[in-house]
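Asks:
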Amino acid sequence: MTKEITITASAKVNLFLHVTGKRADGYHLLDSLVAFADYGDLIKTEESDKISLDIIGEHAASLSGFPIEENLVWKAAIALQNYAAKPLGAKITLEKRLPVASGIGGGSADAAAVILALVKLWKLDISEHKLSVIALSLGSDVPVCLYGKPALMRGIGEEIIPISLDKPYIVIVNPNIPLATADIFRESDFKPLLRSDDNKEIRQFSSKNLTIENGYRNDLENTAIKQLPVIANIIASIKETKGCFLARMSGSGATCFGLYDDKVMAQKAAEELKNQYPQAWCINSVI
Ligand code: C5P
């Protein structure tokens, strides 16, 4: 029987995202609380004599114009094959259930999931350090996606600090319009760069406390709203839904989320938001 390993590439949500500096190479230093929804793309790997990648599912069409070699899943598989220095193969299937270029780390989560699946399929003996170096070389969100649990992400993504977090229900809304991360960073004005080192020692977070009044925010939100004003409407609409205690944008957008204590209220909010924004992609889950 062919060996097969399937891993969920969970949607990443930045509950807050503070830009704390800029490196000489132009990359921005971040302080961000990242959590993962119980929903994501699916990565299936099967034994094969060469690497292949098929993309299927709800959002596969968004990737059809791009060469397969540009997909992070492909790049991750090749990076791991290079590390192994053997002509290892795998038939990889990516079921794209998350919208692309949307600030919930779809591509990064896919890359992390394929790394985890191939390490098992190929029975590679590889250190955690080496894995995180490969992960970071693929994108700044890939190391935290590899970790896969609530964490503070610092530096440009290489510093992962495990934290404890409650498990609120979440509604995630994306207008189905892609935003390019590089453009949002480039067009944002972070002067004076906002420091958030005061919370350096905090390892226990309550999602209820992550309010703007307590100084938590997404520093990319204003630039994303300038490019795509509907983001402000979506955040306002999420805030208005019954039971929502926090509404914000994730990553570089355009995905927005709302947090809820109550599962039924989150389900109802998702239904209302789907009616209000019929073109949007909307799910409810738990983080
Ligand atoms: O790492 P990733 O491929 O997601 O980043 C896309 C682009 O976003 C980078 O090329 C860079 O221009 C910008 N970026 C940044 N600072 C970060 C992450 C990304 O300036 N911490």
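Letter by letter, the sequence shown follows residues 1344 to 1630 in the numbering used here. We treat Cβ as the ideally placed atom computed from N, Cα and C, and that holds for glycine.
Beta carbon of L1441: closer than 7 Å to some heavy atom of the ligand ADP?
Replies: The ligand ADP is absent from the structure shown, which contains only the ligand C5P.
Asks: Is the closest heavy atom of the ligand C5P to the C-beta of S1631 under 7 Å?
Replies: Any answer about residue 1631 is impossible in this case: the structure gives the chain only from 1344 up to 1630.
Asks: Would you report the Cα separation of S1483 and S1593, rounded to the nearest angstrom?
Replies: Here residue 1483 corresponds to residue number 140 of the sequence shown, with the count starting at 1. Here residue 1593 corresponds to residue number 250 of the sequence shown, with the count starting at 1. Cα to Cα, the separation comes out at about 15 Å.
Asks: Enumerated in chain order, which unbroken segments of the beta strand (DSSP E) with a length of 3 residues or greater are wholly contained in the stretch 1481-1544?
Replies: Counting only runs of 3 or more, we get 1494-1498, 1502-1505, 1512-1517.
Asks: Relative to the alpha-carbon of D1605, which residue among L1616, C1599, F1588 has its alpha-carbon at the smallest distance?
Replies: Here residue 1605 corresponds to residue number 262 of the sequence shown, with the count starting at 1. That would be F1588, whose Cα lies nearest to the Cα of D1605.
Asks: Between the stretch 1364-1373 and the stretch 1406-1419, do three or more beta carbon pairs fall short of 8 Å?
Replies: Judged by Cβ distances under 8 Å, the stretch 1364-1373 makes no contact with the stretch 1406-1419, as fewer than three pairs qualify.
Asks: With respect to 7 Å, is the separation between the Cβ of Y1512 and the closest non-hydrogen atom of the ligand C5P below this value?
Replies: For the purposes of this step, residue 1512 is identified with residue 169 of the sequence shown, where counting begins at 1. It does not: the Cβ of Y1512 is nowhere closer than 7 Å to a heavy atom of the ligand C5P.
Asks: Between K1611 and K1365, what straight-line distance do the alpha-carbon atoms span, to the nearest angstrom?
Replies: Here the question's residue 1611 lines up with position 268 in the sequence shown. Here the question's residue 1365 lines up with position 22 in the sequence shown. Distance between the alpha carbons of K1611 and K1365: 41 Å.
Asks: Does DSSP classify S1622 as helix, strand or coil?
Replies: Position 279 of the sequence shown holds residue 1622. First, the amino acid is wrong: residue 1622 is Gln here, not Ser. In the structure shown, Q1622 sits in coil (DSSP, three-state: anything other than H, G, I, E or B).
Asks: State buried or exposed for K1439, treating a residue as buried only when at least 16 other CB atoms are found within 10 Å of its CB.
Replies: Translated into positions along the sequence shown, residue 1439 becomes position 96. Its Cβ being crowded by 16 or more others within 10 Å, K1439 is buried.
Asks: Less than 8 Å between the beta carbons of G1383 and T1351, yes or no?
Replies: Translated into positions along the sequence shown, residue 1383 becomes position 40. Translated into positions along the sequence shown, residue 1351 becomes position 8. Closer than 8 Å, so yes.
Asks: With 16 as the cutoff for other CB atoms within 10 Å, does F1318 come out buried or exposed?
Replies: Shown here, the chain extends from 1344 to 1630; a query on residue 1318 therefore has no answer.
Asks: Looking at N1357 and L1385, is the spacing between their C-beta atoms short of 8 Å?
Replies: Position 42 of the sequence shown, counted from the first residue, corresponds to residue 1385. Position 14 of the sequence shown, counted from the first residue, corresponds to residue 1357. Cβ distance not < 8 Å, so L1385 and N1357 don't count as in contact.
Asks: So which of P1493, A1609, Q1424, I1499 has the shortest CA-CA distance to L1464?
Replies: Looking up residue 1464 in the sequence shown gives position 121. Residue Q1424 is the option with its Cα nearest to L1464.
Asks: Using a Cβ-Cβ cutoff of less than 7 Å, which residues in the same chain neighbour L1479 once the five nearest sequence positions on both sides are dropped?
Replies: Taking the sequence shown and counting its residues from 1, the one referred to as residue 1479 is at position 136. For L1479, where only same-chain residues beyond five positions count, the Cβ hits under 7 Å are V1485, P1486, G1500, E1501.
Asks: List the whole-angstrom C-beta distance separating K1492 from V1629, where the pair is believed to meet the contact cut-off of C-beta under 8 Å.
Replies: Numbered from 1 along the sequence shown, position 149 holds the residue referred to as residue 1492. Numbered from 1 along the sequence shown, position 286 holds the residue referred to as residue 1629. The pair is not a contact, with the Cβ atoms about 14 Å apart (cut-off 8 Å).
Asks: Within a Cβ cutoff of 6 Å, which residues of the same chain sit near A1590, ignoring the five residues on either side of it in sequence?
Replies: Taking the sequence shown and counting its residues from 1, one reaches residue 1590 at position 247. Only I1578, I1581, K1582, G1601 meet the Cβ criterion.
Asks: Does the beta-carbon of G1364, which I'm using as the reference point, lie nearer than 7 Å to any heavy atom of the ligand C5P?
Replies: Taking the first residue of the sequence shown as position 1, residue 1364 is located at position 21. Checking every heavy atom of the ligand C5P against the Cβ of G1364, none is found closer than 7 Å.
Asks: Spatial neighbours of E1347 within its chain, please: CB distance less than 6 Å, with the 5 preceding and 5 following residues excluded, ordered by chain position.
Replies: Taking the sequence shown and counting its residues from 1, the one referred to as residue 1347 is at position 4. For E1347, where only same-chain residues beyond five positions count, the Cβ hits under 6 Å are E1389.
Asks: What are the boundary residues of the beta strand (DSSP E) that S1395 is part of?
Replies: Position 52 of the sequence shown, counted from the start, is the residue given in the question as residue 1395. Start and end: 1394-1399.
Asks: Hey, how far is the Cα of V1462 from the Cα of N1576?
Replies: Numbered from 1 along the sequence shown, position 119 holds the residue referred to as residue 1462. Numbered from 1 along the sequence shown, position 233 holds the residue referred to as residue 1576. One C-alpha to the other measures close to 43 Å.
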